[in-house]
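Below is one structure, written out as structure tokens, with a few remarks after it.
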Amino acid sequence: MKEQKLAVLASSHDDEPYTNLVGFAASDDLKYIFFVTPVATRKYSYLVTSRKASMMIDNRSNNEYDFKDAMAVNATGNVMVVEKTDDFKALYLGKYPYLHDFLLSPSSALMKMEVRSYIVASRFQNVVEIDMA
Amino acid sequence: MNEVVISVEDIQEKDRNIIGSKAFSLHAVMSAGLNIPPYSCITTKAYDRYLDSGSLQGRIIMELSRKDIGNMRWEEMWDTSLRIRNIFLNTPMPEALASEIRKGLDRRFTRVPVVVRSSAPGEDSANTSFAGLHESYVNIKGMDSIIEHIRLVWASLWSDAAFLYRNELGLDIKNSTMAVMVQELVAGDVSGIVFSSDPGNSLQMVIEAVHGLNKGLVDGDVEPDRWIIDRKTGTMIEHVSPSGRERISGLSDTGTVIQMTSEEISVIAPLNESDVRKLREAALVLENRFGHPQDIEWTKKEGEIYILQSRPITTDSDTEKRWYLSLRRTLDNLQDLREKIEKELIPEMIRDAQTLRLVELRPMDDPGLAREIMRRKELYEHWKKRYADDLIPFAHGMRMFGQVYNDVLKPSDPYEFMDLLSGSGLLSVKRNEELNRLAGMLRRDGSLMDKARSNAIEGDFKKEVEFFLENFGHSGIYKSEKELLKLIIELASSPEKRMPVRKDTVGLQKRFISAFSLKDRAFAEEVLDIGLVSYRLRDDDNIHLGRIEEQYLVSLREAKQRITGRIKDFDMGGDVGEEELLKALADNGYVPAKKEKITTEIPPDREYTRQIRGQPAGEGLVTGIARVIIKNEELFDIKFGEVLVCDAIDPNMTFVIPLASGIVERRGGMLIHGAIIAREYGIPCVTGIPDATRMIQNGDEVTVDGYLGIVTIRRKSSSMAVM
Numbered sequence: 001m002k003e004q005k006l007a008v009l010a011s012s013h014d015d016e017p018y019t020n021l022v023g024f025a026a027s028d029d030l031k032y033i034f035f036v037t038p039v040a041t042r043k044y045s046y047l048v049t050s051r052k053a054s055m056m057i058d059n060r061s062n063n064e065y066d067f068k069d070a071m072a073v074n075a076t077g078n079v080m081v082v083e084k085t086d087d088f089k090a091l092y093l094g095k096y097p098y099l100h101d102f103l104l105s106p107s108s109a110l111m112k113m114e115v116r117s118y119i120v121a122s123r124f125q126n127v128v129e130i131d132m133a
Numbered sequence: 001m002n003e004v005v006i007s008v009e010d011i012q013e014k015d016r017n018i019i020g021s022k023a024f025s026l027h028a029v030m031s032a033g034l035n036i037p038p039y040s041c042i043t044t045k046a047y048d049r050y051l052d053s054g055s056l057q058g059r060i061i062m063e064l065s066r067k068d069i070g071n072m073r074w075e076e077m078w079d080t081s082l083r084i085r086n087i088f089l090n091t092p093m094p095e096a097l098a099s100e101i102r103k104g105l106d107r108r109f110t111r112v113p114v115v116v117r118s119s120a121p122g123e124d125s126a127n128t129s130f131a132g133l134h135e136s137y138v139n140i141k142g143m144d145s146i147i148e149h150i151r152l153v154w155a156s157l158w159s160d161a162a163f164l165y166r167n168e169l170g171l172d173i174k175n176s177t178m179a180v181m182v183q184e185l186v187a188g189d190v191s192g193i194v195f196s197s198d199p200g201n202s203l204q205m206v207i208e209a210v211h212g213l214n215k216g217l218v219d220g221d222v223e224p225d226r227w228i229i230d231r232k233t234g235t236m237i238e239h240v241s242p243s244g245r246e247r248i249s250g251l252s253d254t255g256t257v258i259q260m261t262s263e264e265i266s267v268i269a270p271l272n273e274s275d276v277r278k279l280r281e282a283a284l285v286l287e288n289r290f291g292h293p294q295d296i297e298w299t300k301k302e303g304e305i306y307i308l309q310s311r312p313i314t315t316d317s318d319t320e321k322r323w324y325l326s327l328r329r330t331l332d333n334l335q336d337l338r339e340k341i342e343k344e345l346i347p348e349m350i351r352d353a354q355t356l357r358l359v360e361l362r363p364m365d366d367p368g369l370a371r372e373i374m375r376r377k378e379l380y381e382h383w384k385k386r387y388a389d390d391l392i393p394f395a396h397g398m399r400m401f402g403q404v405y406n407d408v409l410k411p412s413d414p415y416e417f418m419d420l421l422s423g424s425g426l427l428s429v430k431r432n433e434e435l436n437r438l439a440g441m442l443r444r445d446g447s448l449m450d451k452a453r454s455n456a457i458e459g460d461f462k463k464e465v466e467f468f469l470e471n472f473g474h475s476g477i478y479k480s481e482k483e484l485l486k487l488i489i490e491l492a493s494s495p496e497k498r499m500p501v502r503k504d505t506v507g508l509q510k511r512f513i514s515a516f517s518l519k520d521r522a523f524a525e526e527v528l529d530i531g532l533v534s535y536r537l538r539d540d541d542n543i544h545l546g547r548i549e550e551q552y553l554v555s556l557r558e559a560k561q562r563i564t565g566r567i568k569d570f571d572m573g574g575d576v577g578e579e580e581l582l583k584a585l586a587d588n589g590y591v592p593a594k595k596e597k598i599t600t601e602i603p604p605d606r607e608y609t610r611q612i613r614g615q616p617a618g619e620g621l622v623t624g625i626a627r628v629i630i631k632n633e634e635l636f637d638i639k640f641g642e643v644l645v646c647d648a649i650d651p652n653m654t655f656v657i658p659l660a661s662g663i664v665e666r667r668g669g670m671l672i673h674g675a676i677i678a679r680e681y682g683i684p685c686v687t688g689i690p691d692a693t694r695m696i697q698n699g700d701e702v703t704v705d706g707y708l709g710i711v712t713i714r715r716k717s718s719s720m721a722v723m
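So the sequence lines, in the order shown, correspond to chains A and B.
Once you know that position 91 of the first sequence is 91 in this note's numbering, the rest is easy, because the numbers rise by one and skip nothing.
Once you know that position 640 of the second sequence is 640 in this note's numbering, the rest is easy, because the numbers rise by one and skip nothing.
Structure, rendered in structure tokens:
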């Protein structure tokens, strides 16, 4: 969770799923995942309408070994817009110092996912579910 | 051994890649038995460590990802370079690294003034030698200042000139790096350059020399004496004296300054025969040593000649790149240019436009009108060339001010300097205020508004409109009172009056000046003054040029009117070119052919660009309906609150800005007209959107994110536009 730079964020609108790549930072207790989006995007608009979302974070390297070695974590929860407080900014910029301007832009929003559960898949088909509620 | 500092005596072959070409070549000069000023190299390992510390590398990647450099205009390269430079300025060197550099330099350079020079690996190979891509700083004193200037030299790895030559340099974040030379300053009495082989005649050698430092010669501020010598025999073929030797580049407290020479010095040639002979011998030694004709910088102090730099001569055949590099001017050069523009060029432009306006076209016969069209065209072409030669280079004044401002104040926003320049009374803003006043008259008087709507204005208002056209209308865009009225009515019907944003420019300017020490404030004032004038003229000169263009267009319109009148059922429209008009003027029976209509290819419905990143050029976020401008006359169709989408705005078009809620422009850059006027009015603006007028269609909903430089498009009718 700390090393991966990009996650796949899944949102939905009118029963249609919609996915994006986003930079993310998780809180130390893994209860929250933060990401930033410009407010003029679909994902922002979808997430403020329906807060439900899931996020996949994985370490695949696009070769055959992935079937053995790759691990994918799926986080599910509700997303909300939060104020860009110093704590949240420090958490996000600690991982992405170069996204400073992106985070601080008045045209972007800091989003917080409150994680309900994690589903961890490894070794092709081993799946473990972790309840965070 | 210190891994980040290597002194000249310790350089070995294996160090070549970590000390850069310039430093390695100068070591070879020393080995050939010639004098050089002592120096140490800050190796590329120091640059790499600096880049790895903090967020520098990621932030540079973010800047470079904004747009493919290959698709950038020069202005955009300058902007990218400015932003990257600002990142370097605001990223301190890690203390451990700074401490190692201090330790390595300490013995030699604590008490003497130095030159901090770039030395990029591979920069001066026989195939890729391009002078002036990276920075060097002369007369730097004290360790803290040396450390700061090392960072500035590192930043110049990403200079606009380096972007221009990115293919030749192989410029790339993963592989490009920079070494730096810290060299004792030899303040020569005489300095110059030698081309060991004249690029125009390989049998000859060229030596140029000036009194004082080399900087004046290299920057083009001081005209040199020039000697042409037979390479083989050493016979002097010609000595060309300059038009005057009254200027000299000397040392100031920090840096260099152009001074006036004493009368005794100005009558003496900087070199005597013996000096010329010594320089020829040194040049041949170096040519022999490097196996290639050399471009050598040298200086002479107390009778001794020192070689400052030796690199292979290469000739760059790319005239566009050379023209761009020639835009980088010094303060002295800009001050001379300002004098020329304000005292000669602008008065001449105004005079030419007035002279043309007084010429009555109606009484001319057809051959006379044809001659007048050609005369006007030639005059317009002449001024377009003067514009490119003298007026565009003067825009560098804004850039120079911006760089000085950022160096001194290190603001987080690299464009903060623009706030000191705005509100300086642009002609286009004055014109817009006048339009607003006319709109106010309509707003207050309903019956006047009705008359305007039916194109039946009279009395004082008509006089006011005529006066406006007389002053600002001759711009090649307003063709009639009717079009102007349409614009004024739209302004008068708008729910709000948009005025330029007033900033505390005076307070900001004072803050800038007071950031300098007392002795440097005169310099600060001069740079600010050049920035202000450059900002104003960059806009105003287009208005003057537009007035000359308008007179050419007026003559074409007169021809169209005559020809339309004599051919039955012929609708001229705007589609007949000058050549066809001239043929029809010469032959009464000739029916001019219309230009083929250029149809804009509309992207297929199944695929469209929904979001694209350009340059953030005016802060703010707005969503509005797109008004796409393909032809100038479409400017009059804009409705209040629409987003103006265009290829390139010039100041003659910016009368619509008070109606627009946002601007999207294909041409990129922060200092282009669209960006300047957007900032004046506080309107969100994104520039550098490729194919903006093709990707966006009239009626699309467009969000302009002027903070991040993102444009989001929602098709007015598309099954794909879900949102």
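Every residue gets a Cβ at the ideal spot worked out from N, C-alpha and C, and that includes glycine.
Everything numeric in this text was worked out from a predicted model, so none of it was measured.
Candidates the options: closest to residue i by CA position
| i | options | result |
| --- | --- | --- |
| B/Asp705 | A/Ser107, A/Gly94, A/Thr76 and A/Phe67 | A/Ser107 |
| B/Ser249 | B/Lys67, B/Ser262, B/Ser243 and B/His239 | B/Ser262 |
| A/Ser135 | A/Leu91, A/Met80 and A/Val82 | There is simply no residue 135 of chain A to check, as chain A begins at 1 and stops at 133 in what is shown. |
| B/Gly618 | B/Pro658, B/Glu680 and B/Asn455 | B/Glu680 |
| B/Tyr387 | B/Lys340, B/Asp366, B/Leu426 and B/Ser412 | B/Lys340 |
| B/Leu635 | B/Gly668, B/Ile663 and B/Gly255 | B/Ile663 |
| B/Val729 | B/Glu184, B/Glu168, B/Arg521 and B/Ile60 | Shown here, chain B extends from 1 to 723; a query on residue 729 of chain B therefore has no answer. |
| B/Ile713 | B/Ser424, B/Arg613 and B/Glu297 | B/Arg613 |
| B/Gly531 | B/Ile18, B/Ser424 and B/Thr91 | B/Ser424 |
| B/Tyr165 | B/Val190, B/His134 and B/Arg151 | B/His134 |
| B/Asp700 | B/Gly674, B/Ile689 and B/Thr623 | B/Thr623 |
| B/Ala648 | B/Phe640, B/Leu213 and B/Gly668 | B/Gly668 |
Three-state secondary structure (DSSP) of residue i
| i | result |
| --- | --- |
| B/Thr712 | strand |
| B/Glu3 | coil |
| A/Asn78 | strand |
| A/Met111 | strand |
| A/Tyr98 | helix |
| B/Asn542 | helix |
| B/Gln403 | helix |
| B/Gly250 | strand |
| B/Ala161 | helix |
| B/Gln611 | strand |
Residues of its chain near residue i, where Cβ-Cβ distance is below 7 Å and the 5 sequence neighbours each way are ignored
| i | result |
| --- | --- |
| B/Asp442 | As written in the sequence, residue 442 of chain B is Leu, which differs from the Asp given in the question. The answer, listed in chain order, is Leu448, Met449, Ala452, Ile488, Ile489 and Ala492. |
| B/Ala559 | Leu369, Ile373, Leu581 and Leu585 |
| A/Pro17 | Ala10 |
| A/Ile33 | Phe24, Ala26, Met55, Ala75, Met113 and Val115 |
Other residues of its chain near residue i: CB distance less than 6 Å, five sequence neighbours each side excluded
| i | result |
| --- | --- |
| B/Val404 | Val527 |
| B/Val722 | Because B/Val722 carries a pLDDT of 37, less than 50, the predicted location of this residue cannot be relied on, and no value is offered for it. |
Same chain only: Cβ atoms within 8 Å of residue i, ignoring 5 sequence neighbours per side
| i | result |
| --- | --- |
| B/Ile485 | First, the amino acid is wrong: residue 485 of chain B is Leu here, not Ile. For B/Leu485, where only same-chain residues beyond five positions count, the Cβ hits under 8 Å are Ala452, Asn455, Ile457 and Val465. |
| B/Phe109 | Ser40, Met143, Ile146, Val182 and Glu184 |
| B/Trp154 | Tyr47, Tyr50, Phe88, Met178 and Val180 |
| B/Leu97 | Val4, Ala46, Arg49, Tyr50 and Ser53 |
| A/Val127 | Ile119, Val120 and Ala121 |
Taking one C-beta from the region 104-113 of chain B and one from the region 134-153 of chain B each time, how about it: are there three or more such pairs within less than 8 Å?
-> By the C-beta criterion, the region 104-113 of chain B is judged to be in contact with the region 134-153 of chain B, since at least 3 inter-stretch pairs fall below 8 Å.
Just checking, does the region 164-181 of chain B make contact with the region 289-302 of chain B on the three C-beta pairs under 8 Å criterion?
-> Contact fails: fewer than three Cβ-Cβ distances are below 8 Å.
Meets three-Cβ-pair contact criterion under 8 Å: the region 259-279 of chain B and the region 240-247 of chain B = Short answer: they touch.
Three-pair Cβ contact test at 8 Å for the region 115-126 of chain A versus the region 63-76 of chain A | Of all C-beta pairs linking the region 115-126 of chain A to the region 63-76 of chain A, three or more are shorter than 8 Å, placing the two stretches in contact.
Contact the region 72-83 of chain B vs the region 154-169 of chain B: 3+ CB pairs below 8 Å | Touching, per the Cβ criterion.
Tell me the start and end of each unbroken alpha helix (DSSP H) in the region 19-52 of chain A that is at least 4 residues and wholly inside, in chain order.
-> The region 19-52 of chain A contains these whole alpha helix (DSSP H) runs: 42-49.
How do the region 512-529 of chain B and the region 455-474 of chain B stand: do at least 3 beta-carbon pairs fall below 8 Å, yes or no?
-> Result no; under three Cβ-Cβ pairs closer than 8 Å.
Alpha helix (DSSP H) runs contained entirely in the region 357-445 of chain B, provided each spans 4 or more residues = 366-386, 396-409, 418-421 and 427-444, all fully within the region 357-445 of chain B.
Given 8 Å, three or more beta-carbon pairs between the region 78-87 of chain A and the region 49-61 of chain A | Yes, the region 78-87 of chain A touches the region 49-61 of chain A.
Within the region 250-309 of chain B, note down every full beta strand (DSSP E) run reaching 3 residues or more, in order along the chain.
-> Annotation: the region 250-309 of chain B contains the following complete segments of the beta strand (DSSP E) (minimum length 3 residues), in chain order: 256-260 and 294-301.
Cβ contact (3+ pairs, closer than 8 Å) linking the region 62-72 of chain B and the region 391-411 of chain B = As far as the Cβ criterion goes, the region 62-72 of chain B does not touch the region 391-411 of chain B, which means the pair count is below three.
Going along the chain, which unbroken runs of the beta strand (DSSP E) with 3 or more residues stay wholly within the region 613-639 of chain B?
-> Whole beta strand (DSSP E) segments, 3+ residues: 615-618 and 621-629.
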